[in-house]
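Asks: Quick one: this structure, given as structure tokens, is what I'll be asking you about.
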Amino acid sequence: MSTKVADQILERLRAWGVEQVFGYPGDGINGLLAAWGRAEDRPRFIQSRHEEMSAFEAVGYAKFSGRLGVCVATSGPGAIHLLNGLYDAKLDHVPVLAIVGQTNRTAMGGSYQQEVDLHTLYKDVASDFVETVTVPEQLPNVLDRAIRTAYARRSPTALIIPADVQELDYSAPTHDFKMVPSSLGMSDYTAIPSDEALRRAADVLNAGDKPAILIGQGAAGAVAEVREIAELLGAGVAKALLGKDVLSDELPYVTGPIGLLGSRPSYELMRDCDTLLTIGSSFPYTQFMPEFGKARGVQIDIDPHMVGMRYPYEVNLVGDAAATLRRLIPLLATDRGGREWYDTVCAGVRRWHETMERRAAQSADPINPEYVARALDPLLPDDAILTSDSGSVANWYARHITMRPGMRGSLSGTLATMGPGVPYAIGAKFAHPDRPVVALVGDGAMQMNGLAEMITAAKYRDRWSDPRLVVAVWNNRDLNQVTWEMRAMQGSPSFLPSQELPDVQYAAFARSLGLTGVRVEKPEDVEAGWRTALEADGPALVEFLTDPAVPPIPPHASWEQMEATAASILKGDADRGSMIKQGLKAKVQEFLPGHDKER
Numbered sequence: 000m001s002t003k004v005a006d007q008i009l010e011r012l013r014a015w016g017v018e019q020v021f022g023y024p025g026d027g028i029n030g031l032l033a034a035w036g037r038a039e040d041r042p043r044f045i046q047s048r049h050e051e052m053s054a055f056e057a058v059g060y061a062k063f064s065g066r067l068g069v070c071v072a073t074s075g076p077g078a079i080h081l082l083n084g085l086y087d088a089k090l091d092h093v094p095v096l097a098i099v100g101q102t103n104r105t106a107m108g109g110s111y112q113q114e115v116d117l118h119t120l121y122k123d124v125a126s127d128f129v130e131t132v133t134v135p136e137q138l139p140n141v142l143d144r145a146i147r148t149a150y151a152r153r154s155p156t157a158l159i160i161p162a163d164v165q166e167l168d169y170s171a172p173t174h175d176f177k178m179v180p181s182s183l184g185m186s187d188y189t190a191i192p193s194d195e196a197l198r199r200a201a202d203v204l205n206a207g208d209k210p211a212i213l214i215g216q217g218a219a220g221a222v223a224e225v226r227e228i229a230e231l232l233g234a235g236v237a238k239a240l241l242g243k244d245v246l247s248d249e250l251p252y253v254t255g256p257i258g259l260l261g262s263r264p265s266y267e268l269m270r271d272c273d274t275l276l277t278i279g280s281s282f283p284y285t286q287f288m289p290e291f292g293k294a295r296g297v298q299i300d301i302d303p304h305m306v307g308m309r310y311p312y313e314v315n316l317v318g319d320a321a322a323t324l325r326r327l328i329p330l331l332a333t334d335r336g337g338r339e340w341y342d343t344v345c346a347g348v349r350r351w352h353e354t355m356e357r358r359a360a361q362s363a364d365p366i367n368p369e370y371v372a373r374a375l376d377p378l379l380p381d382d383a384i385l386t387s388d389s390g391s392v393a394n395w396y397a398r399h400i401t402m403r404p405g406m407r408g409s410l411s412g413t414l415a416t417m418g419p420g421v422p423y424a425i426g427a428k429f430a431h432p433d434r435p436v437v438a439l440v441g442d443g444a445m446q447m448n449g450l451a452e453m454i455t456a457a458k459y460r461d462r463w464s465d466p467r468l469v470v471a472v473w474n475n476r477d478l479n480q481v482t483w484e485m486r487a488m489q490g491s492p493s494f495l496p497s498q499e500l501p502d503v504q505y506a507a508f509a510r511s512l513g514l515t516g517v518r519v520e521k522p523e524d525v526e527a528g529w530r531t532a533l534e535a536d537g538p539a540l541v542e543f544l545t546d547p548a549v550p551p552i553p554p555h556a557s558w559e560q561m562e563a564t565a566a567s568i569l570k571g572d573a574d575r576g577s578m579i580k581q582g583l584k585a586k587v588q589e590f591l592p593g594h595d596k597e598r
């Protein structure tokens, strides 16, 4: 039997070490599906409930494995469904390859059923490389280039393969004119800045008395180097959310998350520092960084397209974080004098941890959502992988989960889209089937797509050597993050037709799939609920009935925001009584004796 183009695609994916492809079937990829049957499901086809979930699973797999994530979908509608997950990969700089079908070449341009101009559609999301395969000889070159580009640019790439092309006999490119042969593989490489640039950066850092470091996911391979330079400089280290798992939160000078979901000590670190070193982060919110002209800055990033943004850095070092820091550290002064700044930073971190503990201990109706995350924190295994969805749950993930060495975590950092929490967790389980995974999800995202992906978790539960996949749902019957944004930013009361959610029986749904399902309605049962889920012999869902009136108050809440919230109360917010009570109880924790003397 002759080798078809579809056979060659799967063979080449195997040659690149691709072990699974996340996808959903459709007649636009029937040729590929038939090839999978001939290949005895190698690489494994992982079936989601929806193409968007396939893309999210590929992103989660890539984030937690460091390897290429691959997703596949049919033409028109399936290819469109992939887009949200692919944009998540693009904005968070994750290597993902999308392979999508297309109508037969003979029908293209004829307004045929399910015909969409996919090349134009994908030109933005896969801007680094998107190509339509029209003849067999284009392979393997375009596939190799798509994979190499995804790795090199840390971005999504795409191949569009018409249905009839998939079923053509494969013929390799020859030595003839206008043929483009290809070869497998690419070596590792390291970019480093020039010696002169390193000296200029050292001069800036040596001149400072109050240094601050901001790290993102680009610092993940430089843990030892980040610790060494932080301790040498006596600096506090704040973390963008995509860098939350880079450095242990147990270190006394790690101030935690930065931004709207951030911590008070990170806010104070940026407010009061005179020197800023940013490593592997393109954190976008300038208002949370030092005032212009108040601090001198140095940035390290491997991507020359991403340096020099967000802040007026004096020195922009283009290079791998670990390699650059190893060359920079010997140039730094070792006799830096007193440690007053360092001690101040560490004291702020201790105060913040005390504040968070008190806030989580506040009573609520029925359960304080902060307490749910706080109760999980000490129960997490040392090798746990966490995913968080977008929304108010991301606040609790950012502020109450203590990352320890060996733990991993991620969310949709830049797109901040709803819905990746559960599919990220499934992708993580395929990346690390021997590790426990915990997804933290709001009820809005769970209703949007998380419930359906519990079916996927049930389908593949036997593939994972460690059976623990815990999905936790904060059930407050409210699209809570947007509700609070309306109150604080627009001064508007909650608009119930858009914000109120039905009370779905999430745990009962999980039990209907043969999974563990736990519904927690009282605060005294929270810890037991977590333990039951973490000790289950397969995927588990635990839902907590939480109070929507507990506010995700930013640590630096402005008077304007507080006045806007007050205005929404006066306009008749449906939950204004409970909101006032919980808002005051939460905020007052920052003003107790011995707390926040600077304000």
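The sequence shown lines up with residues 0 to 598 when you count with numbering that gives the first Met the number 0.
We put the beta carbon where it would ideally sit given N, CA and C, even for glycine.
(1) Could you tell me how far apart the beta carbons of T602 and G347 are, in whole angstroms, since I believe they sit closer than 8 Å?
(2) What number of angstroms, rounded off, separates the C-alpha of L96 from the C-alpha of V17?
(3) Please go through the segment 451-527 and give each complete alpha helix (DSSP H) segment of 4 or more residues, from N-terminal end onward.
(4) For K62 versus G30, is the C-beta spacing smaller than 8 Å?
(5) Which same chain residues end up closer than 7 Å to C272 when comparing Cβ atoms and leaving out the 5 residues on each side of it in sequence?
(6) Is the separation between the beta-carbon of T189 and that of D319 shorter than 8 Å?
(7) Decide if L569 is buried, meaning its Cβ has at least 16 other Cβ atoms within 10 Å, or exposed.
(8) Please determine if the segment 260-268 and the segment 365-374 are in contact, where contact requires at least 3 C-beta pairs separated by less than 8 Å.
(9) Please state whether DSSP places K3 in a helix, a strand or coil.
(10) Of the residues G490, D502, M453, which one's Cα is nearest the Cα of G443?
(11) Quick check: the segment 416-430 against the segment 448-467, are there 3 or more CB pairs under 8 Å?
(12) Tell me the residue span of the beta strand (DSSP E) that contains V314.
(13) Work out the CA separation of R270 and P256 for me, nearest whole Å.
(14) Tell me, please, whether the segment 130-147 touches the segment 3-13 by the rule of three or more beta-carbon pairs shorter than 8 Å.
(15) Bridge partners for L213 per DSSP, in chain order?
(16) Is E51 near G84, with beta carbons less than 8 Å apart?
(17) Would a C-beta distance cut-off of 8 Å place P422 and S411 closer than the cut-off?
(18) On the CB-based measure, 16 or more other CB atoms within 10 Å of its CB, does P592 come out buried or exposed?
(19) What's the call for D87, buried or exposed, on a 16-neighbour Cβ count within 10 Å?
(20) By the DSSP assignment, the beta strand (DSSP E) with C272 in it spans what residues?
(21) I need the straight-line Cα distance from P380 to A456, nearest angstrom please.
(22) Quickly, what does DSSP pair V129 with across the bridge? List them, please.
(23) Suppose you measure from the CA of A451 to the CA of R309; what does that come to, to the nearest Å?
(24) Hey, how far is the Cα of V297 from the Cα of S110?
(25) Can you tell me whether DSSP reads E39 as helix, strand or coil?
(26) For the alpha helix (DSSP H) containing T105, name the first residue and the last one.
(27) Between T545 and D364, what straight-line distance do the alpha-carbon atoms span, to the nearest angstrom?
(28) Do G405 and L385 have their C-beta atoms within less than 8 Å of each other?
(29) Could you spell out where the alpha helix (DSSP H) holding I299 opens and where it closes?
(30) Who does F44 pair with in a DSSP beta bridge?
Replies: Per the coordinate set shown:
(1) Given a span of 0 to 598 for the chain in the structure shown, any question on residue 602 remains unanswerable.
(2) As a position in the sequence shown, residue 96 is number 97, starting the count at 1. As a position in the sequence shown, residue 17 is number 18, starting the count at 1. CA-CA distance, L96 to V17, rounds to 11 Å.
(3) Counting only runs of 4 or more, we get 479-484, 495-498, 505-511.
(4) For the purposes of this step, residue 62 is identified with residue 63 of the sequence shown, where counting begins at 1. For the purposes of this step, residue 30 is identified with residue 31 of the sequence shown, where counting begins at 1. Cβ distance not < 8 Å, so K62 and G30 don't count as in contact.
(5) On the sequence shown, position 273 is the one that residue 272 refers to. Same-chain partners within the cutoff: K209, P210, A211, P289, A294.
(6) Locating residue 189 in the sequence shown gives position 190, counting from the first residue. Locating residue 319 in the sequence shown gives position 320, counting from the first residue. Yes; because the gap between Cβ atoms is below 8 Å, this pair is in contact.
(7) The residue you call residue 569 lines up with position 570 of the sequence shown. Caution applies to L569, whose pLDDT of 49 falls short of 50 and renders its modelled position unreliable; the model cannot decide the point.
(8) No contact exists between the segment 260-268 and the segment 365-374.
(9) The residue labelled residue 3 in the question sits at position 4 within the sequence shown. The answer is strand: DSSP assigns K3 an E or B state.
(10) Taking the sequence shown and counting its residues from 1, the one referred to as residue 443 is at position 444. Nearest option by C-alpha distance: D502.
(11) Result yes; three or more Cβ-Cβ pairs closer than 8 Å.
(12) As a first step, residue 314 is located in the sequence shown; it is residue number 315 there, counting from the start. Per DSSP, V314 belongs to the beta strand (DSSP E) from 314-317.
(13) Start at 1 with the first residue of the sequence shown, and residue 256 comes out as number 257. Start at 1 with the first residue of the sequence shown, and residue 270 comes out as number 271. Between P256 and R270, the alpha-carbon positions lie close to 14 Å from each other.
(14) For the pair of segments examined, the segment 130-147 was found to touch the segment 3-13: the number of CB pairs separated by less than 8 Å reaches three.
(15) For this step, residue 213 is matched to residue 214 along the sequence shown. Answer is A237, T277, bridged to L213.
(16) Sequence index remark: in the sequence shown, residue 51 carries index 52 (1-based). Sequence index remark: in the sequence shown, residue 84 carries index 85 (1-based). Going by C-beta atoms, E51 is nearer than 8 Å to G84.
(17) Numbered from 1 along the sequence shown, position 423 holds the residue referred to as residue 422. Numbered from 1 along the sequence shown, position 412 holds the residue referred to as residue 411. Not closer than 8 Å, so no.
(18) If you number the sequence shown from 1, residue 592 lands on position 593. Low per-residue confidence applies at P592: pLDDT is 46, beneath 50, and the placement is therefore not dependable, though the value from the model is reported in the following sentence. So P592 ends up on the exposed side.
(19) Translated into positions along the sequence shown, residue 87 becomes position 88. Sixteen is the threshold: when 16 or more other Cβ atoms of the shown chains lie within 10 Å of the Cβ of D87, as they do, the residue is buried.
(20) Here residue 272 refers to the residue found at position 273 when the sequence shown is read from its first residue. It is not in any beta strand (DSSP E) - C272 carries neither H nor E in the DSSP assignment.
(21) Your numbering for residue 380 matches position 381 in the sequence shown. Your numbering for residue 456 matches position 457 in the sequence shown. When only Cα atoms are considered, P380 and A456 end up about 20 Å apart.
(22) Indexing the sequence shown from 1 puts residue 129 at position 130. Under DSSP, the beta-bridge partners assigned to V129 are A157.
(23) The residue given as residue 451 occupies position 452 in the sequence shown. The residue given as residue 309 occupies position 310 in the sequence shown. Computed Cα separation, rounded: 39 Å.
(24) Counting from one through the sequence shown, the residue named residue 297 turns up at place 298. Counting from one through the sequence shown, the residue named residue 110 turns up at place 111. Each residue's alpha carbon lies about 53 Å from the other.
(25) As a working note, residue 39 is residue 40 in the sequence shown. DSSP, reduced to helix, strand and coil, places E39 outside both helices and strands of the structure shown, so it counts as coil.
(26) Position 106 of the sequence shown, counted from the first residue, corresponds to residue 105. Premise fails: T105 is in no alpha helix (DSSP H) and is neither H nor E.
(27) Within the sequence shown, the letter at position 546 stands for residue 545. Within the sequence shown, the letter at position 365 stands for residue 364. Taking the straight line from one Cα to the other gives about 7 Å.
(28) By 1-based counting over the sequence shown, the position of residue 405 is 406. By 1-based counting over the sequence shown, the position of residue 385 is 386. Against a cut-off of 8 Å, the Cβ pair of L385 and G405 comes out as no contact.
(29) Reading the sequence shown from its first residue, position 300 is the one you call residue 299. Looking at the DSSP string, I299 is not in any alpha helix (DSSP H); the run it does join, the beta strand (DSSP E), is 295-300.
(30) Indexing the sequence shown from 1 puts residue 44 at position 45. DSSP lists V20 as partners of F44.
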